[in-house]
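Here is the structure we will look at.
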Amino acid sequence: MSSHSDLVLITGATGKQGGATARQLLRAGRPVRALVRDRESAAAQELAAAGAELAVGDFDDRDSIAAALAGVGAVLLVPPALYQAGGWDVDLEARRGQNLVAAAVAAGVDQIVFTGIASFREERNWGSVGKRRIEDAVRASGLRWTILRPVRFMENYLLEGSVVDGIVDGVHRHLFAGDQPLQMIAVDDVAAFAVLAFTDPARFHGEILELAGDSPTPVGAAAEISESTGHPIRYQEITMAEAEAMGPELANVWRQTRAGQGWHADIPALREILPSLRTLDAWLAETGGAQLKALLER
114 MSSHSDLVLI TGATGKQGGA TARQLLRAGR PVRALVRDRE SAAAQELAAA
164 GAELAVGDFD DRDSIAAALA GVGAVLLVPP ALYQAGGWDV DLEARRGQNL
214 VAAAVAAGVD QIVFTGIASF REERNWGSVG KRRIEDAVRA SGLRWTILRP
264 VRFMENYLLE GSVVDGIVDG VHRHLFAGDQ PLQMIAVDDV AAFAVLAFTD
314 PARFHGEILE LAGDSPTPVG AAAEISESTG HPIRYQEITM AEAEAMGPEL
364 ANVWRQTRAG QGWHADIPAL REILPSLRTL DAWLAETGGA QLKALLER
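This note's numbering applies: residue 114 is where the sequence shown begins, and numbers increase by one.
Below is the structure:
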């Protein structure tokens, strides 16, 4: 049994949430084992240089998962994103997460923190189905657990080549109504909530936290980005027909957010837990504005 181990296994360690959580835990002096596919990748080597132990494996290799879990006391579960042109592969996503939860139980892990996706006020098929099935497995595991449900990342403004999001030729195109508040969060703040849960598992056991840090309108956010970068940015809503052409999940997002059925994180309550919770303006001033400026000036 490894229930008294301080070692945290980070899945998705070379991704945004996993990487940010691993770095924050290491800075706090907590031992980290990072699950990576390629130990020679730049992201993996960066984690190793920061002090993480590397474990090579992936969700589809049960032996590698069992080896990665040996001696581990807690796990950050970040299942691989499985969105493709035809939509989410719900069954594969759910199966991977469920298998890791079962392996964690078998390994004697004490705690699991799962970071998935925020809920809508009225849940429909919009990409959350597989993650909710993983949540069910987490809650039924018998382990101490915390579920994090982050909304859209502020870092999504940095995306390139995405069907929506990012900024192209001074335009930010997305599904959301330009004049309605849109909740968002910095990735580092998702990691900060995960670290809080790992640091005080008794306090956060059984908690499901809808995570957001700010809620500007998309038009207002574009104005903030323009001010921060010195480059004029405008927001453009995609049409319902465009959303439908991207698949039923994105079409549901388009409809539900306009019907007031979207994300509903309680930002003031979250700021009571994490006083440093970033607004979009704070994220831009800290790192985001400089990164966006560099992209816009390439």
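Virtual Cβ for every residue (Gly too), placed ideally from N, Cα, C.
Bridge partners of residue 263 according to DSSP: 324.
Looking at the backbone, the Cα of residue 357 and that of residue 288 are separated by about 11 Å. Following the DSSP letters along the chain, one finds residue 137 in no beta strand (DSSP E) but inside the alpha helix (DSSP H) bounded by residues 129-140. Cβ atoms of residue 332 and residue 375 stay farther apart than 8 Å, at about 16 Å. Classified as buried, residue 297 has 16 or more neighbouring CB atoms from the shown chains inside 10 Å of its CB.
Taking residue 314 as the centre and dropping the five residues before and after it, the same chain places the C-beta of 224 and 257 closer than 6 Å to its C-beta, in chain order.
A residue is called buried when at least 16 other Cβ atoms come within 10 angstroms of its Cβ; residue 341 meets this threshold and is buried. A direct Cα-to-Cα measurement between residue 294 and residue 137 gives close to 30 Å.
DSSP places residue 168 in the strand class (E or B) of the three-state scheme.
DSSP, reduced to helix, strand and coil, places residue 123 within a strand of the structure shown. Just measuring C-alpha positions, the residue of 219, 178 and 144 sitting nearest residue 164 is 144. Per the C-alpha coordinates, the member of 169, 175, 218 and 207 positioned closest to residue 186 is 218. Here residue 400 is not near residue 307, since their CB atoms are 9 Å or more apart. By the CB criterion at 9 Å, residue 184 and residue 271 fall outside the cutoff. Taking 9 Å as the cut-off, the Cβ atoms of residue 322 and residue 246 do not count as close.
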